[in-house]
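Peer 1: With the UniProt record's numbering applied, the sequence shown covers 1 to 537. Note that the Cβ used here is the ideal one computed from N, Cα and C, for glycine as well. So that we are looking at the same thing, I have put the structure below in structure tokens.
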Amino acid sequence: MGSIETNPDVPFAFHELTISQYHSALIHGRTTCVATITAYITRINQYNSTLKAILAINPNSLHEAHQKDQELASCIDNTGTDNPKLTLRPLHGVPVILKDTYTTAFLPTTSGVQALRTLTTDTSCTVVQNLLNNGAVILAKSNLHEFSLEGITLSSLGGQTLNPYDLTRTPGGSSGGTAVALATNMGLVGCGGDTMNSLRSPASACAVVGFRPTRGQVSRRGIVPVTETQDVAGPMGRTVGDVRIIFEAMRGEDMGDPATLNPLRYQSPSYIDASKIKLGILKDYFSDGTTTEGLTINKTIYDALARLRINSPSIDLVEIPHMPDWDVLRLRTKADTQAYEFRTVLDAFLNSQTVTTPHKSLAAIAASGQYNSQAMTAVFDQTLQGGEFTPTSPEYYSRLERIKSLKESVERCFQEYELTALVYPHQRQLVASVGCTVQPGRNGILASLTGRPAVCFPGMLFYNQKAFVLDTWIDTRLSSAHIVTAGFSPETPSAPLGIPIGIELMGQPWKDQELLDIAQAFETVLTARKPPILHLN
Numbered sequence: 001m002g003s004i005e006t007n008p009d010v011p012f013a014f015h016e017l018t019i020s021q022y023h024s025a026l027i028h029g030r031t032t033c034v035a036t037i038t039a040y041i042t043r044i045n046q047y048n049s050t051l052k053a054i055l056a057i058n059p060n061s062l063h064e065a066h067q068k069d070q071e072l073a074s075c076i077d078n079t080g081t082d083n084p085k086l087t088l089r090p091l092h093g094v095p096v097i098l099k100d101t102y103t104t105a106f107l108p109t110t111s112g113v114q115a116l117r118t119l120t121t122d123t124s125c126t127v128v129q130n131l132l133n134n135g136a137v138i139l140a141k142s143n144l145h146e147f148s149l150e151g152i153t154l155s156s157l158g159g160q161t162l163n164p165y166d167l168t169r170t171p172g173g174s175s176g177g178t179a180v181a182l183a184t185n186m187g188l189v190g191c192g193g194d195t196m197n198s199l200r201s202p203a204s205a206c207a208v209v210g211f212r213p214t215r216g217q218v219s220r221r222g223i224v225p226v227t228e229t230q231d232v233a234g235p236m237g238r239t240v241g242d243v244r245i246i247f248e249a250m251r252g253e254d255m256g257d258p259a260t261l262n263p264l265r266y267q268s269p270s271y272i273d274a275s276k277i278k279l280g281i282l283k284d285y286f287s288d289g290t291t292t293e294g295l296t297i298n299k300t301i302y303d304a305l306a307r308l309r310i311n312s313p314s315i316d317l318v319e320i321p322h323m324p325d326w327d328v329l330r331l332r333t334k335a336d337t338q339a340y341e342f343r344t345v346l347d348a349f350l351n352s353q354t355v356t357t358p359h360k361s362l363a364a365i366a367a368s369g370q371y372n373s374q375a376m377t378a379v380f381d382q383t384l385q386g387g388e389f390t391p392t393s394p395e396y397y398s399r400l401e402r403i404k405s406l407k408e409s410v411e412r413c414f415q416e417y418e419l420t421a422l423v424y425p426h427q428r429q430l431v432a433s434v435g436c437t438v439q440p441g442r443n444g445i446l447a448s449l450t451g452r453p454a455v456c457f458p459g460m461l462f463y464n465q466k467a468f469v470l471d472t473w474i475d476t477r478l479s480s481a482h483i484v485t486a487g488f489s490p491e492t493p494s495a496p497l498g499i500p501i502g503i504e505l506m507g508q509p510w511k512d513q514e515l516l517d518i519a520q521a522f523e524t525v526l527t528a529r530k531p532p533i534l535h536l537n
């Protein structure tokens, strides 16, 4: 069997690496899987003690990387590097960071909970199996907000994950560990989960891309659950292109998750015609503009839209009128199902045949005291009460009816305005500081309740002497004559680049590829991603 020899005259930089760049470097001998994964492990060891993004490194990752190098060497021996038939599996040797809710047969799965630190499974979840079948190497498991119940990324097992752009702030959540790892180049791509905001919130706060697919695109079997109604598994990355690649590897039918058996899932992926894009600007989800912080966030989104339309004049924009039934606070208090489903779905998971753990119920975990009480939300207390907070209560059925009405309302809006997607800031205020117990101002619930695909990506990063003016309906308060760095809040001593601000798009069910096309169009013209200045010493 042959071997891969790297070229020492061509230095290889793994920082901000994409999958396509990585595969090209592998084929042309500029790096190896072992060298790249070693570099990522070194990076984790260098920064994780401060950032607390990673819970565990896969001890087999270097061995698996060596196997991938041997596999590639065998192909090169047989075909030659210039042979067009030399193709790699989509994720060949790609180091993946998993949120520690994805069960793996080779590592414990904890959901960040001290009481579950010894939880093991006989098999890996469907998504992990799909990733491995596509050539991935599971590099590590990341910290998260305990039980995935909030957006601070605080857990009894991993502590408080810090935002690398400002160490005094949280990274969003609950998939904050994955986002921080990607933002700081501790891995190439990652996987998270999303019940309310959890893929998109840390993407917004850490200047990466988080994609919540249509419910049913990706199997949830073997992933520690929060709800049946709202849970979705999805990809994260530094670019939309990488997110698209890992999404294709993750998705697929699974008899263990009935949501993936929806016949609509089998339609051929559609790709967007740029001349037919029509975006609805959901002003209800923007800041009310009463604070400088809110104005900065609003301006970031408007500037991004203007930049996009300058580059693609055929893109149509329309302002969506006030939608009182879409109010975020109303949806959280009147439609969210977490408190009604959490105990039931978690207990079922803990008692499944493949799971080994000393704690077989949420009540047992609560009785053990081995959890972070500061990380717990009202959902934790309410679901333990039972009574009203069960899947058999009248209020639960009322919430399901409200969700049904919400889906119908959103669909009517899309049809009436002939929309391709809605656009809005993911968060109306900057990400919360360390010590806060909640992450306020997030807008992710609309996609979570309707099951629609939604993607969050970095806002703009460029210098310009004049503010863009999108249309006459843009508030003149958003205009500015001085030089700005859009996509980030103003710089501060603790945030030398400012705090990232994320744009969210929500699309049509099962048209996930169309939505990613639009996000990629934004990414192309905004060039917004900028890694943090790691002043950790």
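Classify Ile277 as buried or exposed, calling it buried when 16 or more other Cβ atoms lie within 10 Å of its own Cβ.
Peer 2: Buried.
Peer 1: Nearest CA to the CA of His359: which residue from Ala53, Thr110 and Ile19?
Peer 2: Among Ala53, Thr110 and Ile19, the Cα nearest to that of His359 belongs to Thr110.
Peer 1: Taking only the alpha-carbon atoms, compute the straight-line gap between Cys125 and Arg220 and give it to the nearest angstrom.
Peer 2: Answer to the nearest angstrom: the Cα atoms are 8 Å apart.
Peer 1: Use the C-beta contact count for His482: other C-beta atoms within 10 angstroms, 16 or more gives buried, fewer gives exposed.
Peer 2: Only weak support exists for where His482 lies, its pLDDT of 28 falling under 50; the value from the coordinates is given anyway. The residue is exposed, with fewer than 16 neighbouring Cβ atoms inside 10 Å.
Peer 1: Excluding five sequence neighbours on each side, which residues of the same chain lie with their C-beta closer than 6 Å to the C-beta of Thr18?
Peer 2: Around Thr18: Thr239 and Asp242.
Peer 1: The beta strand (DSSP E) spanning Lys407 covers which residue range?
Peer 2: That residue, Lys407, is in no beta strand (DSSP E); its alpha helix (DSSP H) goes Pro394 to Tyr417.
Peer 1: Can you list, in chain order, the residues of its chain whose CB lies under 6 Å from that of Leu279, leaving out five sequence neighbours each side?
Peer 2: Contacts found: Leu317, Ala421 and Val423.
Peer 1: Going by Cα to Cα distance, which pick from Leu449, Glu514 and Ala521 is closest to Ile309?
Peer 2: A small fix is needed here, since residue 309 is Arg in this sequence, not Ile. Looking at the Cα atoms, Ala521 is the closest of the given residues.
Peer 1: Where DSSP assigns a beta bridge to Met506, which residues make up the other side?
Peer 2: Note: Met506 sits in a beta bridge opposite Leu422 and Ala454.
Peer 1: When DSSP builds the beta bridges, which residues end up paired with Lys99?
Peer 2: BP columns for Lys99 point to Ser142.
Peer 1: Determine the extent of the alpha helix (DSSP H) in which Leu309 is found, giving its start and end residues.
Peer 2: Strictly speaking, residue 309 in this sequence is Arg, with Leu absent from that position. Taken as a continuous stretch (DSSP letters only), the alpha helix (DSSP H) holding Arg309 covers Thr292 to Asn311.
Peer 1: Exposed or buried, Ile272, counting other C-beta atoms within 10 Å across all chains shown (16 or more means buried)?
Peer 2: Ile272 is buried by the Cβ-count criterion.
Peer 1: Taking Ile365 as part of the beta strand (DSSP E), name the residues at either end of that continuous run.
Peer 2: First-last for Ile365: Leu362 to Ser368, but that is the alpha helix (DSSP H), not the beta strand (DSSP E).
Peer 1: Would you grab the beta carbon distance between Thr105 and Asp122 for me? Rounded to a whole angstrom, and I think it's under 8 Å.
Peer 2: Just to set this straight, residue 105 is Ala in the shown sequence, not Thr. Contact flag correct, Cβ pair sits at about 6 Å.
Peer 1: According to DSSP, what are the bridge partners of Asp316?
Peer 2: BP columns for Asp316 point to Lys278.
Peer 1: Sort Asp257, Glu253 and Ser198 by Cα distance to Gly234 and report the nearest one.
Peer 2: Considering only alpha carbons, the answer is Ser198.
Peer 1: With burial defined as no fewer than 16 other Cβ atoms inside 10 Å of the residue's Cβ, what is the status of Asn322: buried or exposed?
Peer 2: Here residue 322 turns out to be His, not Asn, going by the sequence shown. Burial call: exposed.
Peer 1: In the DSSP assignment, what are the bridge partners of Pro500?
Peer 2: BP columns for Pro500 point to Phe488.
Peer 1: Under a three-way DSSP split, which group does residue 539 fall into?
Peer 2: Residue 539 lies beyond the residue range present for the chain, which begins at 1 and ends at 537; the question has no answer from this structure.
Peer 1: Hey, Ser361 and Leu350 are a contact pair by Cβ (cut 8 Å); roughly how many whole angstroms apart?
Peer 2: Contact flag correct, Cβ pair sits at about 6 Å.
Peer 1: Mind the definition here: the stretch 146-162 touches the stretch 376-387 only if three or more C-beta pairs lie below 8 Å; say whether that holds.
Peer 2: Touching, yes.
Peer 1: Measure the alpha-carbon distance for Ala65 versus His23 and round it to whole angstroms.
Peer 2: If you take the alpha carbons of Ala65 and His23, they lie about 13 Å apart.
Peer 1: Since Leu62 and Gly190 should fall inside the 8 Å C-beta cutoff, what is the C-beta to C-beta distance between them, to a whole number of angstroms?
Peer 2: Incorrect: roughly 19 Å between the Cβ atoms, too far for contact.
Peer 1: Can Tyr40 and Phe488 be called in contact, C-beta distance under 9 Å?
Peer 2: Contact: no.
Peer 1: Taking DSSP as the reference, what is the three-state secondary structure of Ser124?
Peer 2: Of the three classes helix, strand and coil, the one that applies to Ser124 here is coil, per DSSP.
Peer 1: Since Thr227 and Thr337 should fall inside the 8 Å C-beta cutoff, what is the C-beta to C-beta distance between them, to a whole number of angstroms?
Peer 2: Contact flag correct, Cβ pair sits at about 5 Å.
Peer 1: Restricting to runs no shorter than 3 residues, where is the beta strand (DSSP E) found entirely within the stretch 162-209?
Peer 2: Listed in chain order, they are 189-194.
Peer 1: CB-CB under 8 Å to Ile403, same chain, minus the five flanking residues each way: which ones, in chain order?
Peer 2: Here the set comprises Thr229, Ala335, Thr337, Leu449 and Thr450.
Peer 1: Considering only residues of the stretch 213-262, which uninterrupted beta strand (DSSP E) runs meet the minimum length of 3 residues and lie entirely inside it, listed in chain order?
Peer 2: Here the runs fully enclosed are 232-237.
Peer 1: Val525 by DSSP, collapsed to three states: which one?
Peer 2: If DSSP states are grouped into helix, strand and coil, Val525 belongs with the helices.
Peer 1: Are Pro425 and Ile501 close, meaning C-beta to C-beta below 9 Å?
Peer 2: It is a contact, given that the beta carbons lie within the stated cut-off.
Peer 1: Do Pro171 and Leu162 have their beta-carbon atoms positioned less than 9 Å apart in this structure?
Peer 2: Result yes, Cβ atoms of Leu162 and Pro171 sit closer than 9 Å.
Peer 1: Enumerate in chain order the residues of its own chain whose CB-to-CB distance from His15 is below 8 Å, with the five nearest sequence positions on each side excluded.
Peer 2: Result list for His15: Asn185 and Pro531, in chain order.
Peer 1: Using beta-carbon positions only, say whether Ile246 and Leu331 come within less than 9 Å of one another.
Peer 2: In this structure, Leu331 does not lie closer than 9 Å to Ile246 by Cβ.
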